[in-house]
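A short worksheet on the structure shown next.
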Amino acid sequence: MNVTDAILTRRNIKRFKPDPIAIERVVAWLELASFAPNHRLAEPWEILFIGPQTREKLQHKTDFGGAPLLLAVVATPAKTAIDRDEHVEAVACFIQNLMLAAHAEGVGTGWSSIGASPRVQELFGLLPGYEVIGVLPIGYPAEVPEPKPRTSIEQKITHLP
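Numbering-wise, the sequence shown is residues 1 to 161 according to UniProt numbering.
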């Protein structure tokens with residue numbers, strides 16, 4: 001699958017098949033994701049593999065669509081507010097790379113913001129300054145939603161003098 005096809009066909013998956021995902025493939029996708037742009041090569045991401053006990057405590061309304069694998073991607077602490085923003089932005093790029101790498105192999109992903117709550121941060125045992133950027137269900141899609149319409153990019157462009 002080329003990059004254009006991957007971008008145009010990737011969807012946020014809401015329901016998954018129970019089939020397991022090989023950890024070796026996930027690690028390979030994480031390795032690819034680590035080539036995301038990041039200021040000063042800070043590599044400000046950490047990955048938490050969420051086990052069944054922790055997953056149950058998350059009390060997600062759909063249990064992440066029954067995905068066989070659940071990850072949290074965390075931004076590491078920063079010294080300044082600007083560095084913090086750069087860390088969050090780099091981790092978002094990391095997550096997008098991960099999602100595209102998985103999609104290229106027929107594996108679906110989702111992105112939940114449940115990790116932003118203080119309760120979940122505590123549940124994950126995060127020290128101050130660490131931030132959960134996304135909790136990602138990963139698995140083979142049970143269904144793939146149709147694409148939703150997008151605003152024309154022309155409406156988002158401003159030409160400055």
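Glycine residues also receive a C-beta, built at the ideal position from the N, C-alpha and C atoms.
Apart from the 5 residues on each side of it in sequence, L98 sits with its Cβ closer than 6 Å to the Cβ of W29 and A33 in its chain, given in chain order. Here T76 is not bridged, per DSSP, to any residue.
Between the alpha carbons of S117 and N2 lies a gap of roughly 36 Å.
The closest CA to that of H39, considering only T9, L70, D83 and A101, is found on D83.
H60 and I114 have their alpha carbons spaced roughly 8 Å apart. The closest CA to that of A78, considering only G129, S112 and P37, is found on G129. Cβ contact annotation for F49 (same chain, cutoff 7 Å, sequence separation greater than five): L71, in chain order. The shortest CA-to-CA distance from V74 to any of F35, A90, L8 and A142 is the one to A90.
About 14 Å separates the beta carbon of K17 from that of G110, a gap too long to meet the 8 Å contact definition. Between P147 and the set A6, T158 and R11, the nearest pair of CA atoms involves R11. In the DSSP assignment, E46 falls within the unbroken beta strand (DSSP E) covering W45 to F49. Where E56 is concerned, the enclosing alpha helix (DSSP H) starts and stops at P52 to L58. When only Cα atoms are considered, E131 and E56 end up about 20 Å apart. DSSP places P137 inside the beta strand (DSSP E), whose first and last residues are E131 to G139. Closest in C-alpha terms to A42, from the list T151, V88 and A102, comes V88.
Contact check for I133 against A102 fails: the beta carbons are separated by 8 Å or more.
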